[in-house]
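A.B. asks: Count along the sequence shown from 1, add 30, and you get the number used in my numbering. Built from N, CA and C at the ideal position, the CB exists for glycine as well. Sharing a structure here in structure tokens format.
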Amino acid sequence: MREYSSPVKVEVAAESRLPDTLFARADEEPDAVALRRQEAGQWRDVTCARFRDDVVAVAKALIAAGVEHGDRVGLMSRTRYEWTVIDYAIWSAGGVTVPIYESSSQEQISWILSDSGSRAVFAESAEHAARIEAVRADLPALEHIWQIDGPAWAEFQRTGAEVADSTVHERRTAGTADELATLIYTSGTTGRPKGCELTHRNLLFTILNVVHGPLHEVFSIEGRSTLLFLPLAHSFARIIQIGCVESRTVMGHFPSTGPEVIDALGTFRPTFLLAMPRVFEKVYNKAEQKAVSEGRGRIFRAASETAVAYSRALDTGRVPLSLRLRHALFERLVYGKILAAVGGQARYSVSGGSALGERLGHFFRGVGLTIIEGYGLTETSAPTGVNSPSKNRIGTVGPPLPGVSHRIADDGEILVKGDHVMRGYWRNEKATAEAFDEDGWYRTGDLGRLDEDGYLSITGRKKEIIVTAGGKNVAPAVLEDRLRSHALVSQCMVVGDNRNFVSALITIDPEAFEFWKQQNSKTGEIPAMVADPDLVAAVQEAVDDANTAVSRAESVRKFTILPVDFSEEGGQMTPSLKVKRHVVAKQFSDEIEGLYDG
């Protein structure tokens, strides 16, 4: 199969804009709960009317400050209620939202605000505002910096008190679906980030065809809700934010992806989750570690094998009685505790960013949490394809969204067409021209294959393909995704371009390392332990497992354990947690050379 198209479910009218549903619902059912926000450790309901009023207050202040139709406004903050309010307020004032990761450096902030020509920017904290102020001399278009935390926030909203409601209405309804809604800057694994121009049509077309298409079951459950904790500056969380508004799903916010999010999930109790594979790997590994530490390791392993077997049996349409009985037993002993860790109500989770792996996909479905994998890029308004709960082909990222076409080029590259594809890169005609082929298909840069039903499998990244000295093409993603699924492994990077064999740089997960030390009666920190024979042997097990997924010529022959983890602060990772391969190769060039000496 070289090309597959899915029929469209929802067309977007020319006059449609993103805030429309928010305002219509506030008029229809003002007292219905739209969101819940955390205040003093408690989740408080936010009604549709209150949400609209908060949006209008910020929109009025923007208009009073001189923000005109089409002006760009930056937004630098962690995931929180105000993020969503500001986003919809900018749209309601006719503006364009320019998200900035709260972890961005001064250089990144300067580039995004200057390239976008932003007239104003919201900063969550005084520290964020200081980072912006430090580069303000390089930003002649920037007129305002507004802080969200502290008393300045209420003062800012009061500045719009004299602006009439009718003015906001005129601004909100003045534009069309094809006007620019947001500039989302790519992570920039190579070179400077590019601003993806996404219109109101792009975002509405994407989420409406998701909500009424493959994820209809997820977005139509009675009492549906989700807790957003991934950065809203990323297109993945952003499209789900819009999906919650469009589908009338109760939405909450939490400002961290750290361990404390588990407590927040436990109190919020969402019906579905939005996460990346690393989250599920950690949930699995922690559950296993806890069971082992309590002397129940054998029970957990049996429960895990049963969950995987049960899920695989579901695919055949027949679950043997003996398997059903074992599954029912472990449901009481093990599975319920795992589900309770994420609130006890979630039955679905949408996953993206990298491959989950078949074993984890089957394990969680067997436990009772169906993980629905999808695929997309910022340039495609996040998803371009996704599985559905009822037709979940684990190991794939699903067929194209309704109204979307996928094609596999002669060299294996995935090409995409549809109203979800950006209109281009901001002020970068050269990059825009290079991003599309002569027939108007967007070049994703990823490699994949389509099965007979149009389900897409990702096989690698075109620019990351390693060609060994023997001429063998190796897709690092297959090995790296498998390696990262091991509890001890945090990050890894496969190398071997123009070399005689494939090797890997591997970092250790600090949390898993502490547990490993206890189990193996070890002392010392990671930097002093990278050559420890037992640690090396444990990582070798992960390497051996990853090698089962590839041919011998593609397998990792040597590896080295690095004394530090890859991080955004260290420059090795992007804010969306992608490895900057060129940076890692430069920083650890001596370690790479050491793998090939002798």
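Might you give, ordered along the chain, the residues of its own chain that have their beta carbon closer than 6 Å to the beta carbon of R55, omitting 5 neighbours on each side?
C.D. replies: C78
A.B. asks: Quick one: grab the DSSP three-state call for W141.
C.D. replies: In the structure shown, W141 adopts helical secondary structure according to DSSP, grouped into three states.
A.B. asks: Do you know how far the Cα of I538 is from the Cα of L351?
C.D. replies: When rounded, the distance between both Cα atoms is 41 Å.
A.B. asks: In the DSSP assignment, the alpha helix (DSSP H) including Y118 goes from what residue to what residue?
C.D. replies: 111-122
A.B. asks: Using alpha carbons as the reference points, say which of G475, I175, R479, G442 lies closest to P430.
C.D. replies: R479
A.B. asks: Any idea what DSSP makes of H174, helix, strand or coil?
C.D. replies: strand
A.B. asks: Assuming contact is defined by CB atoms lying nearer than 8 Å, are L213 and R47 in contact in what I supplied?
C.D. replies: no
A.B. asks: Could you say which of L565, P605, A558, V525 lies nearest to R611 if we only look at CA atoms?
C.D. replies: V525
A.B. asks: Using only alpha-carbon positions, find the residue among Y215, A94, G428 that is nearest to S606.
C.D. replies: Y215
A.B. asks: Check the C-beta distance from V85 over to A43 and give it rounded, since I have them as a contact under 8 Å.
C.D. replies: Incorrect: roughly 22 Å between the Cβ atoms, too far for contact.
A.B. asks: In whole angstroms, what is the alpha-carbon distance linking S384 and H99?
C.D. replies: 37 Å
A.B. asks: Please state whether DSSP places Y455 in a helix, a strand or coil.
C.D. replies: strand
A.B. asks: Looking at the structure shown, is W471 part of a helix, part of a strand, or coil, going by DSSP?
C.D. replies: Three-state DSSP puts W471 in coil, outside helix and strand.
A.B. asks: Is the distance from the Cβ of L52 to the Cβ of M281 below 8 Å?
C.D. replies: Note that the C-beta distance between L52 and M281 is not below 8 Å.
A.B. asks: On the DSSP bridge assignment, give the partners of K447 in chain order.
C.D. replies: K447 pairs with S435.
A.B. asks: Mind the definition here: the region 127-146 touches the region 254-266 only if three or more C-beta pairs lie below 8 Å; say whether that holds.
C.D. replies: yes
A.B. asks: Are the CB atoms of D476 and K492 nearer to each other than 8 Å?
C.D. replies: yes
A.B. asks: Tell me which same chain residues have a C-beta within less than 8 Å of the C-beta of R108, skipping the five on either side of it?
C.D. replies: E132, E154, P261, P285, S286
A.B. asks: Sort A499, D83, T462, K312 by Cα distance to P60 and report the nearest one.
C.D. replies: D83
A.B. asks: Would you call the CB atoms of T236 and L210 closer than 8 Å?
C.D. replies: no
A.B. asks: Does the Cβ of P72 have 16 or more other Cβ atoms within 10 Å, making it buried, or fewer, making it exposed?
C.D. replies: Checking the sequence, you will find Gln at residue 72 rather than Pro. Exposed: under 16 other Cβ atoms inside 10 Å.
A.B. asks: Roughly how many angstroms separate the alpha carbons of T553 and W546, rounded to a whole number?
C.D. replies: 10 Å
A.B. asks: Using the Cβ count rule (16 or more neighbours within 10 Å means buried), how would you classify S140?
C.D. replies: buried
A.B. asks: Could you tell me the alpha carbon to alpha carbon distance between H283 and N239, rounded to whole angstroms?
C.D. replies: If you take the alpha carbons of H283 and N239, they lie about 24 Å apart.
A.B. asks: Threshold first: 4 residues or longer. Then list the alpha helix (DSSP H) segments lying entirely within the region 259-308, N to C.
C.D. replies: 265-277, 291-298
A.B. asks: Return the first residue and the last residue of the beta strand (DSSP E) that P413 is part of.
C.D. replies: 412-416
A.B. asks: So, helix, strand or coil for S381, using DSSP?
C.D. replies: DSSP, reduced to helix, strand and coil, places S381 within a strand of the structure shown.
A.B. asks: Tell me where the beta strand (DSSP E) around K90 begins and ends.
C.D. replies: Unbroken run through K90 is the alpha helix (DSSP H), 78-94; no beta strand (DSSP E).
A.B. asks: Report the partner residues of G404 according to the DSSP bridge assignment.
C.D. replies: For G404, the pairing in a beta bridge is given by DSSP as V416.
A.B. asks: Assuming the contact rule is C-beta atoms closer than 8 Å, E173 and R149 should be a hit. Round their C-beta distance to whole Å, please.
C.D. replies: The pair is a contact, with the Cβ atoms about 5 Å apart (cut-off 8 Å).
A.B. asks: Using 8 Å for Cβ pairs, my map puts V427 next to L486. What's the rounded Cβ distance?
C.D. replies: 5 Å
A.B. asks: Does the separation of the CB atoms of S122 and R67 fall below 8 Å?
C.D. replies: No. Outside cutoff.
A.B. asks: Report yes if the CB atom of E137 is closer than 8 Å to the CB atom of H436, and no otherwise.
C.D. replies: no
A.B. asks: Below 8 Å between beta carbons: does that hold for L518 and V569?
C.D. replies: yes
A.B. asks: Kindly give me the distance between the Cβ atoms of A91 and Q177, rounded to whole angstroms, as I take these residues to be in contact under 8 Å.
C.D. replies: About 13 Å; that fails the 8 Å criterion.
A.B. asks: Name the two residues that bound the continuous beta strand (DSSP E) containing Y34.
C.D. replies: 33-35
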